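K.L.:
Residue numbers (the working numbering): 1143 to 1541. For every residue, glycine included, the Cβ atom is placed at its ideal position computed from N, Cα and C. Computed from a predicted model, the values in this text were never measured in an experiment.
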Amino acid sequence: MNRVLCDVRGPLPGPTLVGLGGMHGNEPAGVRALEAVAAELSGDGLLRGRFVGLAGNLPALATGVRFVDRDLNRIWDVEGADDTAEATQRDELRRELARIRADSDGPIHLVDIHTTSGDGPPFTVLGDTLANRAMALVIPVPMVLGLADALPGTLIDSQDAAGIASLAFEAGQHDDPISVEHGADALWLLLGWLAMIPRRDLRVRTPRRRLTRATRGFPSAVRLVHRHALESTSEFRMRTGLRSFAAIKRGEVLAEEDGGVVRAPASGHILLPLYQSSGDDGFFVGRPIGQSWLRVSEALRRRRVERWLRFLPGILPEADPGSGGAAAFRVHPFIRRVFFPSLFRLLGYRATPLPDGRYLLVRRSEPDEVEVPPPDSQPRSSEDVNAPTSPPPKVTRDA
Ligand SMILES: [Zn+2]
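#1: Between V1480 and R1492, which are expected to be in contact by the criterion C-beta below 8 Å, what is the C-beta distance as a whole number of angstroms?
#2: Would you check whether ligand 1 has a heavy atom nearer than 7 Å to the C-beta of E1169?
#3: Which full runs of the beta strand (DSSP E) of 3+ residues lie inside the segment 1173-1201, going along the chain?
#4: How should F1425 be labelled, buried or exposed, when 16 other C-beta atoms within 10 angstroms of its C-beta is the threshold for buried?
#5: In terms of residue numbering, what span does the beta strand (DSSP E) encompassing M1338 cover?
#6: Under the three-state reduction of DSSP, which class applies to L1268: helix, strand or coil?
#7: I think D1219 touches P1294, with their Cβ atoms under 8 Å apart; what is that distance to the nearest whole Å?
#8: Residues bridged to E1399 by DSSP?
#9: Among R1192, G1198, L1366 and I1431, which residue has its Cα nearest to the Cα of L1154?
#10: So, using beta-carbon positions, are G1163 and I1255 closer together than 8 Å?
#11: Counting Cβ pairs, one atom from each stretch, are 3 or more of them under 8 Å apart for the segment 1284-1304 and the segment 1340-1353?
#12: Report yes if the C-beta of H1324 is less than 7 Å from at least one heavy atom of ligand 1; otherwise report no.
#13: Taking only the alpha-carbon atoms, compute the straight-line gap between A1197 and L1189 and give it to the nearest angstrom.
#14: Go ahead and label M1143 buried or exposed: buried means 16 or more other beta carbons lie within 10 angstroms of its beta carbon, across all protein chains shown.
#15: Just to confirm before moving on: does the CB-CB distance between L1458 and F1476 stay below 8 Å?
#16: At what residues does the beta strand (DSSP E) containing T1258 begin and finish?
#17: Check each candidate in I1250, D1510, E1394 and E1323 and name the one with the smallest Cα separation from A1356.
#18: How far does the beta strand (DSSP E) with A1313 in it extend, from its first residue to its last?
#19: Near S1465, which residues of its chain fall below 6 Å by C-beta distance, leaving aside the five closest residues on each side in sequence?
#20: For P1535, which residues from the same chain have a beta carbon less than 7 Å from its beta carbon, with the 5 sequence-adjacent residues on both sides left out?
#21: Count the other CB atoms within 10 Å of the CB of P1455; is the residue buried (16 or more) or exposed (fewer)?
#22: Would F1209 pass as a contact of T1266 if the rule is Cβ separation under 8 Å?
#23: Assign M1285 to one of three DSSP states: helix, strand, or coil.
#24: Which residue's Cα is closest to the Cα of A1363: A1276, A1303, R1429 and P1415?
#25: Let me make sure I understand the geometry here. Which of G1325, L1372 and E1394 has the alpha-carbon closest to that of G1195?
#26: Using CA coordinates, which residue listed in A1204, W1330, A1371 and R1243 is at the minimum distance from R1351?
#27: Hey, how far is the Cα of A1240 from the Cα of E1234?
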């Protein structure tokens, strides 16, 4: 399998949609979905812009395992090579993304397509920025906030700082053929939203109907309230028959671990219950978020309320040129406890504990706040020296 599954360009300039499949080698449905969409777009299927499909972990995809040495989707916050297969994969993907960026005329949107070991409806996972939310709202499936904060080093988490709107789309169960269809549905909806294909096209309307039907009865948005992390040595066995988004009650037995039982620490919805041998997370618990919360937080962020936070007691802005000191704060634990859930979270901050007992609150950047370097200053790999100078052919498919 090639890294670049497809690279389709429309006759007019426009946005770029990048789809990634197979970040985990046992999740080939994303690759299949990208291939299916590219096959329909080739010829003159794309009105404007550019649609690129990338394959994630090539050696793991070749053998059908989640990863070779370590999880490729937990090392995007790390720089520098090590001797794992995944560090090489990450660096190759970074170079590919830099090349795409240097050669795109419009804004870039990225969707990372995954599947799950357990059964459940499709859903999106995103860092809580307005740009990412706008993208997620196009796909009529539950939106999960807070999961991207609980899992450091994911690809989508690394994109906010680069000014690229992104989300992960969980298409369904690994081996369920419908997961390929759902992955393609998400891509068609995004292509329509970005006006890269006609918005009233059947290729947009049918996916919307199908995903709406597949997620009927599920909450439209949930926030992560608990992550059950696993030690590498722990013997973990999920109770059978739990689906993502199933309602759970506090105290309910969810799994067996090292001879004991694991009970739900809170009522809510179970997310990503682990039904495979590899993975660092047993399950997550989410709670529904109201539409009013989403609306209020959007209004506050549009009014740039974070500019006034520095006047609260116990809050020290962290030096950060370019954001007027509003992107990061160092706060006392008491301030975090009192203000974080009600105020900082509404404004899109996340909290990291510091060694001195305080917390660092950092806000993700919106794409329009990120200065994109001009193409000339992009890192160029040696391969580019030999790249043709003529425009690329309209359609290149080498899946
Ligand atoms: Zn995955």
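P.N.:
By the coordinates alone:
#1: The Cβ separation is near 17 Å, so there is no contact.
#2: yes
#3: 1190-1197
#4: buried
#5: It is not in any beta strand (DSSP E) - M1338 carries neither H nor E in the DSSP assignment.
#6: strand
#7: 6 Å
#8: F1378 and G1402
#9: R1192
#10: yes
#11: no
#12: no
#13: 24 Å
#14: exposed
#15: no
#16: I1250 to T1258
#17: E1323
#18: A1307 to Q1315
#19: Its pLDDT being 49, under 50, S1465 is placed unreliably by the model, and the measurement read from it follows with that caveat. Excluding residues within five positions, none has a Cβ falling inside 6 Å.
#20: Bear in mind that a pLDDT of 36 at P1535, under 50, signals an unreliable position, so the model cannot answer this.
#21: exposed
#22: no
#23: strand
#24: R1429
#25: G1325
#26: W1330
#27: 10 Å
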